[in-house]
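Structure, as structure tokens:
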Amino acid sequence: MEQKSTLREINVNRYITPLREGGSMPAIIEGDDDFLYVLKFRGAGQGTKALIAELIGGEIARKLGFKVPELVFAHLDRAFGRTEPDEEIQDLLRFSEGLNLALHYLSGSITYDPVVNDIDQLTASKVVWLDSYLMNMDRTAKNTNMLIWHKELWLIDHGASLYFHHSWHNWKEQAQKPFKLIKDHVLLKKATQIEEADKELSHLIDDTFLDNLVDMIPESWLNDSPFDSVTDHKAAYKQYLKERRDYSSEVIVKEVQNAG
Numbered sequence: 001m002e003q004k005s006t007l008r009e010i011n012v013n014r015y016i017t018p019l020r021e022g023g024s025m026p027a028i029i030e031g032d033d034d035f036l037y038v039l040k041f042r043g044a045g046q047g048t049k050a051l052i053a054e055l056i057g058g059e060i061a062r063k064l065g066f067k068v069p070e071l072v073f074a075h076l077d078r079a080f081g082r083t084e085p086d087e088e089i090q091d092l093l094r095f096s097e098g099l100n101l102a103l104h105y106l107s108g109s110i111t112y113d114p115v116v117n118d119i120d121q122l123t124a125s126k127v128v129w130l131d132s133y134l135m136n137m138d139r140t141a142k143n144t145n146m147l148i149w150h151k152e153l154w155l156i157d158h159g160a161s162l163y164f165h166h167s168w169h170n171w172k173e174q175a176q177k178p179f180k181l182i183k184d185h186v187l188l189k190k191a192t193q194i195e196e197a198d199k200e201l202s203h204l205i206d207d208t209f210l211d212n213l214v215d216m217i218p219e220s221w222l223n224d225s226p227f228d229s230v231t232d233h234k235a236a237y238k239q240y241l242k243e244r245r246d247y248s249s250e251v252i253v254k255e256v257q258n259a260g
């Protein structure tokens with residue numbers, strides 16, 4: 001039985017077009033609510049772990065006050081794989097039957113450009129804090145994963161976060177380790193108020209919020225598990241997220257200051 005969640009659930013009504021960016025090849029789809037979404041496929045290269053990272057990263061970002069497109073669980077029927085003429089996409093659809101994750105499509109948005117779009121230092125510091133906390137390696141000048149929509153900053157694509165969970169090797173130690181790749185963050189030079197950001201953000205992701213968030217992970221996304229049970233698997237995510245928060249002033253703040 002799937003875990004009950006606070007996310008809306010939709011059915012994919014129409015596959016519109018692939019977004020050939022990166023290896024996961026998400027797609028624009030239409031839901032049965034008539035809205036457009038960017039669908040992240042469980043059958044893509046990183047599998048359901050990327051969907052878990054997207055769910056956790058996106059909802060933590062939202063909790064911290066950032067604008068993030070609405071996340072929904074999206075059911076993909078097996079019929080889509082049979083009607084798609086492109087063999088690569090056909091395989092992706094076939095391997096993604098069932099429950100996937102989708103983000104509301106921000107029609108007309110433009111990619112954040114650090115040369116053109118200005119962000120104040122505190123906001124930049126908060127984004128850097130978030131990505132250091134999540135160990136998100138995918139917010140660089142080459143691929144900012146930030147959009148400007150209606151003159152406001154929106155954060156997208158957190159699927160490369162929590163990279164420790166691809167092996168779960170030394171995961172307990174990872175919670176207390178600095179994130180070395182923060183040195184490549186597109187906003188690092190502007191993150192001059194990281195201490196202020198830490199004080200403002202760390203208390204917002206309390207234990208209850210993190211417990212409820214991890215409990216939203218569908219059980220079908222945890223089928224490739226090194227743990228004895230789904231409960232143990234989710235407990236590991238909860239422990240990691242809580243410990244990394246508790247060590248934020250020692251791990252996140254110092255690493256950002258050193259990298260800058």
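Following UniProt numbering, the residues of the sequence shown are numbered contiguously, the last one being 260. C-beta atoms are modelled at their ideal positions from N, C-alpha and C, and glycine is treated no differently. Given the structure is predicted, the values throughout are model-derived calculations rather than measurements.
Which runs of the alpha helix (DSSP H) fall wholly inside the region 165 to 245 and span at least 4 residues, in chain order? 171 to 174, 194 to 201, 207 to 215
Provide the residue(s) that pair with residue 154 in DSSP beta bridges, ordered along the chain. 67, 147
Can you give me the C-alpha to C-alpha distance between residue 246 and residue 37, rounded to a whole angstrom? If I take the Cα positions, the gap works out to 35 Å.
Start and end of the beta strand (DSSP E) containing residue 89? Element bounds for residue 89: not the beta strand (DSSP E) but the alpha helix (DSSP H), 87 to 95.
For residue 119, the three-state DSSP class (helix, strand or coil): coil
C-alpha distance - residue 174 paired with residue 226, whole-angstrom precision: 17 Å
If we count the other Cβ atoms within 10 Å of its Cβ and call it buried at 16 or more, is residue 139 buried or exposed? buried
Residue 32 versus residue 54 - alpha carbon distance: One alpha carbon belongs to residue 32, the other to residue 54, and they sit about 22 Å apart.
Which one of 230, 252, 183 has the shortest CA to CA distance from residue 259? 183
Quick one: give me the first and last residue of the beta strand (DSSP E) that residue 13 is part of. From DSSP, the beta strand (DSSP E) with residue 13 extends over 8 to 18.
Checking contacts by CB at 8 Å: is residue 208 closer than that to chain C? Among the chains in the structure shown there is no chain C, since it carries only a single protein chain.
CA-CA distance, residue 201 and residue 86? 45 Å
Between the alpha carbons of residue 116 and residue 229, how many angstroms are there, rounded? 49 Å
Can you tell me which residues form a DSSP beta bridge with residue 98? 76
Going by C-alpha to C-alpha distance, which of 64, 7, 99, 49 sits closest to residue 168? Out of 64, 7, 99, 49, 49 has the C-alpha closest to the C-alpha of residue 168.
Helix, strand or coil, according to DSSP, for residue 58 in the structure here? Helix.
Cβ contact (3+ pairs, closer than 8 Å) linking the region 92 to 111 and the region 128 to 135: no
Tell me the DSSP bridge mates of residue 256? Answer is none; residue 256 lacks a bridge partner.
Close-in-space but distant-in-sequence residues of the same chain around residue 242 (CB under 8 Å, 5 per side omitted): 207, 210
Secondary structure of residue 47, DSSP reduced to three states: helix
Go to residue 39, then tell me how far its beta strand (DSSP E) extends in each direction, as first and last residue. 36 to 40
Tell me the rounded alpha-carbon separation between residue 4 and residue 216. Annotation note: pLDDT 46 at residue 4 (below 50); position unreliable, no value reported.
Kindly indicate which residue of 161, 74, 123, 128 has the alpha-carbon position closest to the one of residue 152. When the alpha-carbon of residue 152 is set against those of 161, 74, 123, 128, the nearest one is in 123.
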